[in-house]
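A.B. asks: Once you've had a glance at the structure underneath, I'll fire off some questions.
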Amino acid sequence: MSEISAITVKALVKSVATQEGELTILNGINMDVKQGESIAILGPSGSGKSTLLGLLAALDSPSSGEIILDGVALHSLNEEKKAALRKQKVSFIFQSFMLVDTLNALENVMLPAELAGINKAKEKAQAMLERVGLSHRLTHFPNQLSGGEQQRVAIARAFICEPKVLFADEPTGNLDAANSQKVADMLFELNRESDTTLVLVTHDLALAKRCERQLLMNSGELTEDSEAENQKRAQKPVSLHSVGAS
Amino acid sequence: MEMQLAWRLFKRELLQGQLLLIVLAITLAVLSVTGLARVSERLQIAINGQASKFIAADRIINSPVKIDETILAKADELGLHHVSSMQFNSMVFAQDKFQLVTVRAVEEGYPLKGKIELNEKEGAQYSELPRAGHLWFETRLGGLLGYPKVLELGNQEFSLSAEIARLPDAGFNPFASSPVVLMRIEDVASTGVIQPGSRVTYLAQFAGEAEQLTEFEAYAKPLLNSSQRWVDVQSGDSPIADAVKRAERFLLLASLLGIALACAAIGIAAQRYCQRHYDVVAMLKTFGASAKQIRILFGVHLLLVTFFGVVLGLIGGFVLDGTITAFLPAEIAAYSPPLLRPILLGLATGFISAFMFSAYPLMRLLSIPPLRVLQRQLEGLQLGMWLHLILSLLAMAVLGYLYSKSLPLTLTVVAGVLLLGLLLSVLGFAMIRAGHSIGMKTTNPLQLALAGLRRRAKQNAIQLVGFSSALVLLLTILALRQDLLSEWQNQLPENAPNYFLVNIAPDESEPLGEFLAQNTVKTTDIYPVIRGRLIEINGEKLISAEQEKEGIEGRRGISRELNLTWRDELPENNELLEGEFNVNDNDVSVESGVAERLGIKLGDSLTYVIDNQNLTVNVSSIREVHWETLQPNFFMIFTKSSLSSFAHTSMASFYLDEGRSDVVLQIIKQFPTVSIIDVGNMIKQLRQIIDQVSLSLTLVLVLVILASSLVMIAQTEAGMATRQRELAVLRTFGASGWLLRMATGLEFALLGAIAGLLAVIVAEFTLYLLKTQVFELNVYMHWPWWGIAPVCGALIVALLGVWRCRQLLSKSCSELLKSPA
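In order, the protein sequence lines correspond to chains A and B.
Numbered as in the working numbering, the first sequence ends at 270 without a single skipped number.
Numbered as in the working numbering, the second sequence ends at 1836 without a single skipped number.
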């Protein structure tokens, strides 16, 4: 892990207007993630985890505060520049896989590489799929693959452009235990190999524990999760489990 | 890269059937336009070709003076065929007998269209036209002059070499008092009958390609003076002018409505097409695709979809044209209109409709935020439906104008569609809101259906607009087609009289009646005919056109003698507009057109000269006469008591089967002074034209049915998308497939029934406007529709809904919940 910051967040606030008045979702978040580090953001449903993920990944704009991603201040960028930044430095894994139904496994993996104008996208995609153990499934469409296989395609897609930062939103949330294990192994293995910074949002403590650092989101505030608290929570995992992403 | 990706997406989505609806909608729009443009152009040429046989040319200039050489030179320059002829009245002599005849002097090439029908004698050889020194004569002249071999016309003697049954441009005029003789124009000078001041009609007949004829018309028409007349197949001289005009209007209107429907299908399909790509766009943006990349990607993708639809549509259009052509008589199939216009129209239709109707959904698609990958409920910007509406109406207007080349008609149709949409949405929304909310019990499909109907009032109102517009247009076209066909059928009913007997002397009436009865021939009507001239209206002297030109002041009358008749009852094909038909002895009934031209009103007194005696009568009624029927029609009908004292002849008509020409020959022999006019061939030709027109009307109807069905399918597809999540939730909670199918079926059935009812209301109103303002047809209510339309609407829409529901329910709950709506 390097000492250089991959993500720096200062006094981040996100509020939205509702019929009942303004609702603050994130309330003055500060955090720092080093390059190559893996962090997990834990928290109950509705605590603001996914909102934070959206802001960190330049998918959304904060109400106030600063986010610096790989040395670039996100608040100074317009939507086009944010898209360009995502293309160059960021990748994603989603709970619902978000594969394009009408493209086969190979074409889904090629997609970000093609968008980024990377040469030999097809060969790279083939190699990535081989790496995740799906070389025999290249021409299969998402509806012909199991959930675990679909998420492995999504992992291959996430790493094809060698991103600086990888955001994963409940990557095992839709999978059974066996597949969760397999997918998590693959994710952390690839992450290590490529020295990618990993920001993972999850309810799954076991998965969170595999990250180097755990942060706890509660009512819009982020705190460093101590080992003791982790242990305590590990005894009552049910309380953090709920259906769907927060 | 974007191109490759667009191609890949297109290829995959096409193979997986996801583009079926939008491709079908584009294909149908292009197919309708291309096919209709080509078929209707082909039929138009065929109809005009048939119709032009009635005037023996495509265009005629009718003039009392010689026609300007520069006009004829222009016709030559444009490559038009033309022939000149003269028509005048003169006496002919055969030994001690003489007769006034109408001489038609023609040059080589006459007739340009159609042919001269002769009563051919066995073994005789006939040339195309009478040779120099010869005359051809109408059969009844033979009877009147005792079948001489030679006739004197002016200073010249002519041999009589053939009997004319009918000249192609003779028109339908059983009252023509003088028989026609046909001669060479070159022989006219030697007769010496044309002197300065003689009344002669000069005719120049033209034939050629439509484009040249149009150019010629633009050049020549402004050069004609008020005494010269321009005649074409629609000028009213032709008995089918009215039918052709109405058919043209119908074809144009129905095609425009068909295009509007196909466009609506494209609009609905485009919206679904864009909705399906929301997640893809969000995902692409997440992975850093720039706005430009996404614009290019989906622009190219839509272009490929449109191109594919257009190509299929063009092929379909030509296949349709080929299929229809195969059913047409060889003579009509031989007409081949230029290919360029239908192709260009098809291309314009496909691309304009696909892009203009997709513009707004596409804008929304491109504005989908990347955050949708995390928050699935997020959608793109909401610019308001007005933009979508403006773009859609604009597309419709551009296409309508390109197709019809008529701005007023296009604007009328667009305004009509807009009004229809507004009216239907307001009515539909009100009807749905009026229903009671019963809750959402998952045991009773009807309650579930009613609750669903009300909960989705807004979406359902939009769907109603789709369903009912399709039905309104379908019902309108169906009714108009039926009315036009029965109108024409009435004009030429089966067993319509095909022979007319004229000049029946009073002492011949009885023996002739007996002869016909013996031969089981039934005469339809007998009219006495007396010639007279109208000289005064309310005591005011009338002047002729010539007198008016000489500067004599006075009220303008009719320059010629009229055929007058008496009758106690209104003739069958006449319609009483004002007053009462011939109640008092000195009543007269006047035809509405002549009454309007001469300013005659009810109660006016009219004075006639008949046999040098004056007769004054009062106008007691105004009648409308259907001139297009092949029946004797009269401007003035008197009572028996006012006319029966004058010398008269009679006329009658009868129907004779084709194989019984012996009866006609016997009449000619036994009653030589009675003239027989055979209109059988004319009727046959008219029927042929009407059959062709009917075919085109049916074709348009089929296309409108297809377009309506597609709109309904597209609308069901869109409707199911809004129901998918709810179905999935109910399914998850254990609702049976039967319950869900029934509930969906019932909800759609209710929607269909309301749509059907609305459609009938609006269709009756639309038909009222169209029939009174455009087609001049009788207005009546279509009562059976009030029952049939809601039932059929309910059935069709319910079946479509259940079918789509069955497809959805074949998926697992998790698939349903996960898949985007």
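Each residue gets a CB set at the ideal place from its N, CA and C atoms; glycine is no exception.
#1: What does the alpha-carbon distance come out to for the pair lysine 1420/B and leucine 1426/B?
#2: For the alpha helix (DSSP H) holding proline 1357/B, just list the boundary residues, first then last.
#3: What are the boundary residues of the alpha helix (DSSP H) that serine 218/A is part of?
#4: Run the CB neighbour count on lysine 73/A, radius 10 Å, all protein chains shown included, and call it buried at 16 or more, exposed below.
#5: Residues in its own chain within less than 7 Å of cysteine 185/A by CB, not counting five upstream and five downstream?
#6: Could you say which of Gln1031/B, Leu1761/B, Val1295/B, Glu1084/B lies nearest to leucine 1461/B if we only look at CA atoms?
#7: May I have the straight-line CA-CA distance separating leucine 1051/B from valine 1121/B, to the nearest angstrom?
#8: Can you give me the C-alpha to C-alpha distance between methionine 1727/B and arginine 181/A, rounded to a whole angstrom?
#9: DSSP puts glutamate 1153/B in a beta bridge; with which residues?
#10: Who are threonine 1117/B's beta bridge partners in DSSP?
#11: Phenylalanine 212/A touches chain B at which residues, Cβ-Cβ below 8 Å?
#12: Taking Cβ-Cβ distances shorter than 8 Å, what residues in chain B pair up with methionine 34/A?
#13: By the three-class DSSP mapping on this structure, what secondary structure does glutamine 59/A have?
#14: When the Cα atoms are used, what is the spatial distance from methionine 1018/B to leucine 1312/B?
#15: Check whether the region 1353-1371 of chain B touches the region 1410-1418 of chain B, counting contact only when three or more Cβ pairs, one atom from each stretch, lie closer than 8 Å.
#16: Got a sec? Which residues, its chain only, sit under 6 Å from arginine 1181/B by beta carbon, not counting five neighbours each side?
#17: Starting from threonine 1206/B, trace the beta strand (DSSP E) both ways and give me its first and last residue.
#18: Whose Cβ in chain B lies nearer than 7 Å to the Cβ of threonine 42/A?
#19: Can you pull out the residues from the region 1303-1335 of chain B whose beta carbon lies closer than 7 Å to at least one beta carbon of chain A?
#20: What residues in the region 1027-1038 of chain B have a beta carbon less than 8 Å from any beta carbon of chain A?
#21: Over the uninterrupted beta strand (DSSP E) stretch that includes glutamine 150/A, give me the two end residues.
#22: Count the other CB atoms within 10 Å of the CB of aspartate 1672/B; is the residue buried (16 or more) or exposed (fewer)?
#23: What distance in whole Å lies between the Cβ atoms of asparagine 132/A and glycine 171/A, which are believed to be in contact at a cut-off of 8 Å?
#24: Any idea what DSSP makes of lysine 1089/B, helix, strand or coil?
#25: Find the residues of chain B that neighbour glycine 141/A, judging by a C-beta separation of less than 8 Å, and give them in chain order.
#26: For alanine 1845/B, report the span of its beta strand (DSSP E) as first-last.
#27: I'd like the list of long-range same chain contacts for serine 1524/B, defined as Cβ closer than 7 Å, with 5 residues on each side in sequence excluded.
#28: So which residues of chain B does valine 177/A contact, with C-beta pairs closer than 7 Å?
#29: How would you call glycine 1454/B, buried or exposed, if buried means at least 16 neighbouring beta carbons within 10 angstroms?
#30: Mind checking whether serine 1055/B and serine 1711/B have CB atoms under 8 Å apart?
#31: Indicate whether at least one CB of chain B lies closer than 8 Å to the CB of serine 74/A.
#32: Got a sec: is the Cβ-Cβ distance from proline 1385/B to anything in chain A below 8 Å?
#33: Taking 8 Å as the CB-CB limit, is arginine 1074/B close to chain A?
#34: How would you call leucine 175/A, buried or exposed, if buried means at least 16 neighbouring beta carbons within 10 angstroms?
#35: Where does methionine 241/A sit, in a helix, a strand or coil, going by DSSP?
#36: Once you ignore the five residues that flank histidine 1451/B on each side, which residues in its own chain have a CB closer than 7 Å to its CB?
C.D. replies: So, from the data block:
#1: Position 405 of the second sequence, counted from the start, is the residue given in the question as residue 1420/B. Position 411 of the second sequence, counted from the start, is the residue given in the question as residue 1426/B. Going from the Cα of lysine 1420/B to the Cα of leucine 1426/B covers about 11 Å.
#2: For this step, residue 1357/B is matched to residue 342 along the second sequence. Per DSSP, proline 1357/B belongs to the alpha helix (DSSP H) from 1355-1381.
#3: Indexing the first sequence from 1 puts residue 218/A at position 194. Run containing serine 218/A: 201-218, per the alpha helix (DSSP H) assignment.
#4: For this step, residue 73/A is matched to residue 49 along the first sequence. Buried, since its Cβ has 16 or more Cβ neighbours within 10 Å.
#5: Counting from 1 along the first sequence, the entry for residue 185/A is found at position 161. The residues are Ser115, Pro136, Ala137, Ala140, Ile142.
#6: By one-based count along the second sequence, residue 1461/B stands at place 446. Among Gln1031/B, Leu1761/B, Val1295/B, Glu1084/B, the Cα nearest to that of leucine 1461/B belongs to Leu1761/B.
#7: Numbered from its first residue, the second sequence carries residue 1051/B at position 36. Numbered from its first residue, the second sequence carries residue 1121/B at position 106. Computed Cα separation, rounded: 40 Å.
#8: Position 712 of the second sequence holds residue 1727/B. Position 157 of the first sequence holds residue 181/A. The straight-line gap from Cα to Cα measures roughly 40 Å.
#9: Sequence index remark: in the second sequence, residue 1153/B carries index 138 (1-based). In DSSP, glutamate 1153/B forms a bridge with Ile1179/B.
#10: As a position in the second sequence, residue 1117/B is number 102, starting the count at 1. Its beta-bridge partners are Asn1104/B, Val1195/B.
#11: By 1-based counting over the first sequence, the position of residue 212/A is 188. Those within 8 Å of phenylalanine 212/A in chain B number zero; the least Cβ separation is about 22 Å.
#12: Taking the first residue of the first sequence as 1, we reach residue 34/A at position 10. Here residue 34/A turns out to be lysine, not methionine, going by the sequence shown. Neighbours of lysine 34/A on chain B: none; closest Cβ ~22 Å, over 8 Å.
#13: Reading the first sequence from its first residue, position 35 is the one you call residue 59/A. Note: glutamine 59/A maps to coil in three-state DSSP.
#14: The residue given as residue 1018/B occupies position 3 in the second sequence. The residue given as residue 1312/B occupies position 297 in the second sequence. The alpha-carbon atoms of methionine 1018/B and leucine 1312/B are separated by roughly 6 Å.
#15: yes
#16: Numbered from its first residue, the second sequence carries residue 1181/B at position 166. Excluding sequence neighbours, arginine 1181/B sits near Glu1132.
#17: As a first step, residue 1206/B must be located in the second sequence, where it is residue number 191. Where threonine 1206/B is concerned, there is no enclosing beta strand (DSSP E), although the alpha helix (DSSP H) it sits in stretches over 1203-1206.
#18: Stepping through the first sequence from its first residue, residue 42/A is reached at position 18. In chain order: nothing, as chain B lies at least about 14 Å away.
#19: Gly1303, Ala1304, Ser1305, Ala1306, Gln1308
#20: Arg1027, Glu1028, Gln1031, Gln1033
#21: Numbered from 1 along the first sequence, position 126 holds the residue referred to as residue 150/A. First-last for glutamine 150/A: 145-155, but that is the alpha helix (DSSP H), not the beta strand (DSSP E).
#22: As a position in the second sequence, residue 1672/B is number 657, starting the count at 1. By the 10 Å Cβ count, aspartate 1672/B comes out exposed.
#23: Your numbering for residue 171/A matches position 147 in the first sequence. Your numbering for residue 132/A matches position 108 in the first sequence. So it is not a contact: roughly 15 Å between Cβ atoms.
#24: Position 74 of the second sequence, counted from the first residue, corresponds to residue 1089/B. Three-state result, lysine 1089/B: helix.
#25: Locating residue 141/A in the first sequence gives position 117, where the first residue counts as 1. Met1016, listed in chain order.
#26: The structure shown does not extend to residue 1845/B, since chain B is modelled only from 1016 through 1836, so no value can be given for it.
#27: By 1-based counting over the second sequence, the position of residue 1524/B is 509. Ser1665.
#28: Here residue 177/A refers to the residue found at position 153 of the first sequence. Those within 7 Å of valine 177/A in chain B number zero; the least Cβ separation is about 13 Å.
#29: On the second sequence, residue 1454/B is found 439 positions in, with the first residue counted as 1. Note on glycine 1454/B: pLDDT 47, under 50, position unreliable in the model; no value is reported.
#30: On the second sequence, position 40 is the one that residue 1055/B refers to. On the second sequence, position 696 is the one that residue 1711/B refers to. In this structure, serine 1711/B lies closer than 8 Å to serine 1055/B by Cβ.
#31: Here residue 74/A is taken as the residue at index 50 of the first sequence, counted from 1. Closer than 8 Å: yes.
#32: Within the second sequence, the letter at position 370 stands for residue 1385/B. Yes, its Cβ sits closer than 8 Å to a Cβ of chain A.
#33: On the second sequence, position 59 is the one that residue 1074/B refers to. So no, arginine 1074/B is outside the interface.
#34: As a working note, residue 175/A is residue 151 in the first sequence. Looking at the sequence shown, residue 175/A is not leucine but glutamine. So glutamine 175/A counts as buried.
#35: Looking up residue 241/A in the first sequence gives position 217. In the structure shown, methionine 241/A sits in a strand (DSSP, three-state: E or B).
#36: Here residue 1451/B refers to the residue found at position 436 of the second sequence. Its pLDDT being 48, under 50, histidine 1451/B is placed unreliably in this model, and the coordinates cannot settle the point.
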